Each structure stands twice: as structure tokens, then as C-alpha cells.
Amino acid sequence: MNIDIAVLSGDGIGVEVTAAGMQVLEYITRKNGHKVNAAYADVGWAAIDKYGTALPPITREICKKSKAILFGAVGLPDRDQSLPQAQRPERVALLELRKGLFANLRHVVLPPGLADHCPLKKSLISAGIDIMIIRELTGGLYYGKPQGIQGQAGQRSAVDTMAYTEHEIRRILKVGFETARQRRRRLTSVDKANILATSQLWRETAVAMAKDYPDIQLEHMYVDNASMQLLRRPTEFDVIVTENTFGDILSDEASMLCGSIGLVPSACLGENASATPFYEPIHGSAPDIAGKNKANPVGSILTVAMMLRYTFGLEQDAAAIEKACFKVLNEATVLTGDLGGTSGCTEVTAAIIAAL
Ligand code: IPM
Ligand code: MG
């Protein structure tokens, strides 16, 4: 099989973690007789310095022609400030490339060997943590109209709009139900239906759809309560499905359950061939540790596994990569600084390849 992908490493540690992901991809595909055709393209500050924009037409073109995008991170806070909001890499590149990709899957796993790194008491996590967060990615507050700041200085007002159609709600809930069916068959639908109209529609839709999924145990939870329950009983969550902003916040919270945001991979998926599927570790560009061989490559390597699973249907290869990552994490001898270790990005990557 040909693995035709665009590789957009971006800024800061995006460069080294994406190189690590690619090394693992090259290794496993060579071993299993697949061929990687990687088209590297500039994004973020590397692209601004060369082309004057964080997402140049050439990069768009390459992404359009590829079956999947492997992304690192964009944005350098010090330099971002020199640009108006609308021209910053997060907006110009990240949100653009995610357009049309409504389902954002973020997988939070706490390997047993890392129990010491979880900020929660052992007694709360002894059953292990494995949560798939499914965040709606193309609606809600990020895109609702009206949006903006108006008025004269001192008397300005600002508005953001949370809007959802039934169609948007139904298609993301479907991903939630179907994903739960592949896992432990528990689905937590997170909303704020005691207050928000969008959430009322969300909950009604979830209740109606549940009839088609009698095998799935569905629970509804208000988002404030969900943020508490994630700390109180994290092992009981299987799949969480929620709207854009709630998912953004809860996924950062949940990532800390496994000790480091550097471990969490994600996939952004759409319908049919509406847009090229986009894969990224959920962490940022971390300029303070960039280029020092300190970044944790596991988020990017697990992101490669998600890409093989969801875009290329190579479930066995995906599972093998995950197994190798968790083996290295469980042994806990080769770890980066975020997990209390002294190894570098390249050593962790080599250990994972050796485990493969
Ligand atoms: C994320 C980030 C982005 C988001 C920002 C950078 C726009 O927080 O990927 O979670 O809110 O989606
Ligand atoms: Mg976020």
C-alpha cells in the first residue's frame, strides 16, 4: 500500500517530534511492505519567513493531494504577538487545515508504569485510564456568527455565538456511539443542557439516537460536573462526546491524567473526502525546549498510529506502534523530562523502534 502523506512539522518541538513519528512510520511500513511517500511542506513561522503567510498555497496544494496530513505544532508566542490575531499561525494554519473535519478524536491513556506520574491517588486509578474524547470541531463558539468586538473605546461590546444544527449534532454523536461500540460500550455525552439551548438540542438528539444503539450505555453529564468526575472517577470513562469548546477544555484536563500532555495523540476526521484527514499530537510548540532533544515524541508517534488506523486501515500496524509505546512507558527507564526521565527525544524514539 502507498502511504501518501503531507508532513507539516511546523514550529518549535513540532520539528523534532514529527521527525520521530516519521522514523517510526518508515520503520514499520518498511517492515510490512508498505511504501511511504512523504511530501514535506512549510507551515507556521517557517512558512511566514519564506512566503509571508503561515499556510502558503503550495502547502495547501500538497495537503489537498495527500491522503493524510501529519502535523507537528505551530505558533511561537513571542513572535505571534507581532501579528494581528487573524494572521497568527494558529488561526491561519491550524484552523484552516481542520476545516471540514468535524470529528476530533483525542485518546488519553495512562499506562500502568506511569501511575506515579498521574497527579491523582493510586486508589483512584488502579483500574487504568483509557478515554477517547470526541470533540466536535467545526461548530460552536469558534465559528458561530455574529462574532466580534464593536463600539467606541470604553463602551465596546463583544459577542461570540454558540450555534449548532441538528445535522452537526447527529453526525458527531454518531461518531461517539460507533466509537463506543468498538471499545467498552460506554458513552458519556457532555453538555450544559440545564442552561444552553444548543445543549438542549444536543441532549434531545442523543436521547433519540440512543434507541438505535441499545448495546451502548449512554450517560448525560453537565460539563462542569464532567470536569469534576474526570478527577473523581477517571477509570469509569470510556468515550466522551461533546461540543467544540467543552472538548477543548476537557481534553487538556484529561491529558494530565496520564502525566503529560506530551503523550496524547489526536485525529481530525471528516465525511467522505471533504478535506484531508489531519493528525497531530495535542501539545503545542513548546519553544522553551525546542531543538534541545528534550521533547516527548510519544504524542507524535501515537498520532502516526491513529493515522494508520483511521486513514489507511492498517489496524495491526497501529496496534503494534501503540503496544511498543506503552511497553517503553511501562518499563519507565527511557523517559523524557516531562515524565521525570533524563532521556532525549531521539533515545525514546529509538527505544520504541527497538520494542517494535
Ligand atoms: C487545541 C488548541 C486549539 C483549539 C487552538 C490553538 C486554536 O487549543 O488544539 O486544542 O482550540 O482547537
Ligand atoms: Mg486546546
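Each residue of the sequence shown is one higher than the one before, counting from 42 in my numbering. Glycine included, each C-beta is placed from N, C-alpha and C at the ideal position. Computed from a predicted model, the values in this text were never measured in an experiment.
Taking only the alpha-carbon atoms, compute the straight-line gap between residue i and residue j and give it to the nearest angstrom.
i	j	result
D279	E207	24 Å
K105	R273	43 Å
M173	I190	36 Å
G62	E260	36 Å
I110	G195	44 Å
R226	R244	18 Å
S123	D265	35 Å
L138	M203	21 Å
L298	D253	32 Å
D171	V150	4 Å
G85	E363	29 Å
P130	P255	44 Å
K162	P152	15 Å
A114	R350	21 Å
T374	G181	43 Å
T229	A247	10 Å
G169	S107	36 Å
R147	V345	13 Å
F367	A88	34 Å
L66	G53	21 Å
L136	A82	17 Å
D379	A365	19 Å
V339	I290	21 Å
V282	F143	12 Å
N73	V369	22 Å
Considering just the uninterrupted stretch of the alpha helix (DSSP H) at residue i, what are its terminal residues?
i	result
C309	Taken as a continuous stretch (DSSP letters only), C309 belongs to no alpha helix (DSSP H), being part of the beta strand (DSSP E) at 306–310.
H208	207–223
V58	55–72
G340	339–351
S230	Element bounds for S230: not the alpha helix (DSSP H) but the beta strand (DSSP E), 227–232.
T239	238–251
V369	356–372
A396	386–396
Would you mind sorting residue i into buried or exposed? The rule is 16 or more other CB atoms within 10 Å of its CB.
i	result
A249	exposed
V200	exposed
T100	buried
K76	exposed
A360	exposed
N78	exposed
G93	exposed
Y285	Position check: residue 285 holds Asn in this sequence, whereas Tyr was assumed. N285 should be labelled buried.
N145	buried
N329	Note that residue 329 is Asp in the sequence shown here, rather than Asn. By the 10 Å Cβ count, D329 comes out exposed.
Q223	exposed
R452	Within the shown structure, residues of the chain are numbered from 42 to 397, placing residue 452 beyond reach of any answer.
Q64	buried
S307	buried
P98	exposed
K233	buried
N337	buried
S50	buried
M347	buried
E209	buried
D358	buried
Would you kindly report the start and end of the unbroken beta strand (DSSP E) that includes residue i?
i	result
S123	First-last for S123: undefined, no H or E at that position.
P98	Here P98 belongs to no beta strand (DSSP E); instead the alpha helix (DSSP H) covers 98–106.
E321	319–322
T94	Segment: none, T94 is in no beta strand (DSSP E) and carries neither H nor E.
R147	144–151
D171	170–177
L259	258–263
L165	Taken as a continuous stretch (DSSP letters only), L165 belongs to no beta strand (DSSP E), being part of the alpha helix (DSSP H) at 163–166.
V133	That residue, V133, is in no beta strand (DSSP E); it is neither H nor E in DSSP.
S326	From DSSP, S326 is part of no beta strand (DSSP E); its letter is neither H nor E.
D45	43–51
I190	185–191
K76	76–81
I110	109–114
T383	It is not in any beta strand (DSSP E) - T383 carries neither H nor E in the DSSP assignment.
S198	198–202
Legend entry - Test item, CB below 5 Å from any non-hydrogen atom of ligand 1: E131, D289
Legend entry - Complete beta strand (DSSP E) runs within the stretch 268–302 (minimum length 3 residues, chain order): 280–283
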